[in-house]
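Accompanying notes for the structure given below.
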Amino acid sequence: MTESALQKVLVVDDDAINREVLGELLKPDYTVLLARNGAQALERAARHAPDLILLDVMMPDMDGFEVLRRLRAEAQTAHIAVIFISGLDRPEDEANGLKMGAADYITKPFNPSVVMARVAVHLQVVRQRRMLERLANIDGLTELANRRRFDDIYECEWQRARRSAQPLSLALLDIDSFKQFNDHYGHAAGDRVLRAVARLAAAGMRGAADLAARYGGEELVLLMPDTNATAAQAAVAGICQGIAQLRIPHAASTVAPELTVSVGGATLLAGSIEQSAGLFEAADTHLYRAKQSGRNRIVWRHDA
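Numbers given in the working numbering equal positions in the sequence shown, counted from 1, plus 38.
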């Protein structure tokens, strides 16, 4: 596993020796971050997003319970697993920590083998949770983001575009005569076509925040933040060209002897569209116009 792929553990303890011991213990298997007090812990948790925090309870200025409370109060850090490490060994202290949302509680003086075993267990849970979250957001057939994932990201990008007055482009791509393709060649062939088109759509998304998602059936949605209409249309044209170059036979098409797609798009500029649904509706309207005017074309909203 490469350094960048190692899971991150933040060790928080006001005792330098404890920090050093725990850090050296964990370094062979994890990326280790260190903090000597609660304020540092909160700052480094927010900046580095560790997978797990080993948190001392008894610290000056801000104890571990208060650090945990503040972590849980912020959306950015609320999900981070926390293991308390403390010299407090009364059952009520452990119960209090667990009630506040700690994942585990280790008493001092700690046994290195116990620490490593518990860290490994909780990081395995983190990996499994993230895998499930990823699967919940992925379309099983195309391996693109699914509609649920698109809806979440779209709302965030819409709000960001409104605040920053940067353009936001959105396109809907629909495979022409896809029902007829399935009827003629069979659903297995249709699935292969969907996967091929999805791969080209994903490859055509060049921006760091660009997203290709399966919206439903044979319809894909392409989201391009910070992208003006000219650049967005060029990206979509490249995807359409790639699909044409596949030269997939489509004997049942009413459009062409090979597979084609229709695309409708729109671009948000400052003040041009007032609601997030409006941008999607504009793209959908222009997809309808592309179909009505013969399919196998891109129609874009030019006044956005």
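No residue lacks a Cβ here, since even glycine has one placed at the ideal position from N, Cα and C.
Apply the 10 Å Cβ neighbour rule to residue i and answer buried if 16 or more other Cβ atoms are within range, or exposed otherwise.
i: residue 240; result: buried
i: residue 89; result: buried
i: residue 349; result: With the chain covering only 39 through 342, there is no way to say anything about residue 349.
i: residue 151; result: exposed
i: residue 99; result: exposed
i: residue 42; result: Residue confidence for residue 42 is low, a pLDDT of 46 falling below 50, so the modelled location carries little weight; the figure read from the coordinates is stated next. Residue 42 comes out exposed.
i: residue 248; result: buried
i: residue 205; result: buried
i: residue 263; result: buried
i: residue 236; result: buried
i: residue 97; result: buried
i: residue 190; result: exposed
i: residue 221; result: exposed
i: residue 184; result: buried
i: residue 195; result: buried
i: residue 238; result: buried
i: residue 342; result: The predicted position of residue 342 is uncertain, since its pLDDT is 46 and thus under 50; no value can be drawn from it.
i: residue 202; result: exposed
i: residue 225; result: exposed
i: residue 113; result: exposed
i: residue 123; result: buried
i: residue 336; result: buried
i: residue 267; result: buried
i: residue 159; result: exposed
Using DSSP bridges, identify the partner residues of residue i.
i: residue 303; result: 209 and 338
i: residue 145; result: 124
i: residue 277; result: In the DSSP output, where bridge partners are listed per residue, residue 277 has none listed.
i: residue 195; result: Residue 195 is not bridged to any residue.
i: residue 129; result: None, per the DSSP bridge assignment.
i: residue 161; result: Answer is none; residue 161 lacks a bridge partner.
i: residue 319; result: DSSP, once it has assigned bridges, lists no residue as partnering residue 319.
i: residue 262; result: 207
i: residue 287; result: 296
Let me make sure I understand the geometry here. Which of the options has the alpha-carbon closest to that of residue i?
i: residue 107; options: 77, 237 and 213; result: 77
i: residue 211; options: 67, 71, 338 and 140; result: 338
i: residue 155; options: 64, 50, 51 and 125; result: 64
i: residue 229; options: 255, 246 and 205; result: 255
i: residue 244; options: 276, 96 and 168; result: 276
i: residue 242; options: 218, 214 and 271; result: 271
i: residue 261; options: 208, 313 and 295; result: 208
i: residue 278; options: 268, 297 and 264; result: 297
i: residue 250; options: 169, 175 and 204; result: 175
i: residue 144; options: 130, 121 and 163; result: 121
i: residue 136; options: 201, 161, 300 and 102; result: 102
i: residue 167; options: 234, 113 and 119; result: 119
i: residue 117; options: 265, 148, 290 and 87; result: 87
i: residue 82; options: 95, 292, 258 and 50; result: 50
i: residue 334; options: 301, 307 and 324; result: 301
i: residue 67; options: 266, 161 and 331; result: 161
i: residue 59; options: 147, 216 and 231; result: 147
For residue i, does the three-state DSSP call read helix, strand or coil?
i: residue 255; result: coil
i: residue 189; result: helix
i: residue 182; result: coil
i: residue 40; result: Reliability fails at residue 40, whose pLDDT of 45 lies under 50, so the model's placement of it is uncertain and no value is given.
i: residue 295; result: coil
i: residue 250; result: strand
Which parts of the segment 42–125 are runs of the beta strand (DSSP E), unbroken and 3 residues or longer, counting only runs that do not cross its ends?
-> Those beta strand (DSSP E) runs which fall completely within the segment 42–125 and span 3+ residues are 46–50, 69–73, 90–94 and 119–124.
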